[in-house]
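Note sheet for the following structure.
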Ligand code: SF4
Ligand code: MG
């Protein structure tokens, strides 16, 4: 029987605005399956975003959604979780929104280990605003603002999240669609800041400039570079050259922020 995605979609919101071949729809479907697997009550689930193509996602969901300012999704999500710790709080957004404009909010959410699940759709570019290079654009790649090739080194979002203190970090790709819901669901069930990086494709701004002939080529690249962590353990450094690890990359238990903060309030009230 076909999976019923419609039950989580806000009535009248489809069709979506994403370009043909954009990976964001694949991630949205994965998120819906994950919310379903975790049996989330959508009336008690906040989905927060900033600005960008990926940040349009919450508008399609029949949950408690917030479409906020550029780069500020993690800050708004922190506010929601502090005010309503009983809510499940999810963040969705792109690489530019989350790691450039929102870079500070991103790392401090990770540092605090507040119980939010942040899904970063990393398509290596600013899609909506015209194909400018982001902190995740590969060195040497073409963007509208780097017509001779990007001279900057590239952020590894998952490593950034681990370094900043996130207690659950996983990576998947838009090609490996059936893995996305499992990674997000594990992140939702984890108590603390969970970051799920999904390597995604933007055929419209990144693909055209970087000589991908089709969406199929972009998806084939995602298929070819991904190596599950278990398989990587048996590979040599030479074999891992140019590959990215997928699956659960890091997990640890550490006190969660809203619980810590409740104790601070109790202390301040003399309890
Ligand atoms: Fe997707 Fe790129 Fe189109 Fe934005 S511009 S909807 S990221 S394909
Ligand atoms: Mg992007």
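Residue numbers (full-length UniProt numbering): 1 to 271.
All C-beta atoms, glycine included, are put in the ideal place defined by N, C-alpha and C.
### Query
If you run the structure through DSSP and keep just helix, strand and coil, what is residue 208?
Residue state, collapsed to three classes: helix.
### Message
Mapping the DSSP letters down to three states, classify residue 96 as helix, strand or coil.
### Response
Judged by DSSP in its simplified three-state form, residue 96 adopts helix.
### Query
Buried or exposed: which applies to residue 81, given that a residue is buried once 16 or more other Cβ atoms fall within 10 Å of its Cβ?
So residue 81 ends up on the buried side.
### Task
Note down the Cα distance separating residue 105 from residue 155, rounded to an integer number of angstroms.
Those two C-alpha atoms are separated by around 16 Å.
### Message
Between residue 226 and residue 173, how many whole angstroms is the CB-CB distance? I'm expecting something under 8 Å.
### Response
Contact holds; Cβ gap of about 5 Å.
### Query
So residue 100 and residue 135 are in contact, right, with Cβ under 8 Å, and what is the actual spacing, rounded?
The pair is a contact, with the Cβ atoms about 5 Å apart (cut-off 8 Å).
### Query
How many Å lie between residue 21 and residue 43 at the Cα?
Residue 21 and residue 43: Cα-Cα distance of roughly 31 Å.
### Message
What does the Cβ neighbour count give for residue 214, buried or exposed, with the cut at 16 atoms within 10 Å?
### Response
Exposed, by the Cβ-count rule.
### Message
If distances are taken between C-alpha atoms only, which option among 2, 157, 200 and 261 comes closest to residue 123?
### Response
Considering only alpha carbons, the answer is 200.
### Query
What do you reckon, are the CB atoms on residue 77 and residue 90 nearer than 9 Å?
Yes, the pair counts as a contact, with Cβ atoms nearer than the cut-off.
### Task
Scan the segment 156-194 and note each continuous alpha helix (DSSP H) run of 4 residues or more that stays entirely inside, going in chain order.
Secondary structure within the segment 156-194: the alpha helix (DSSP H) runs of 4 or more consecutive residues, fully enclosed, are 157-164 and 177-189 (chain order).
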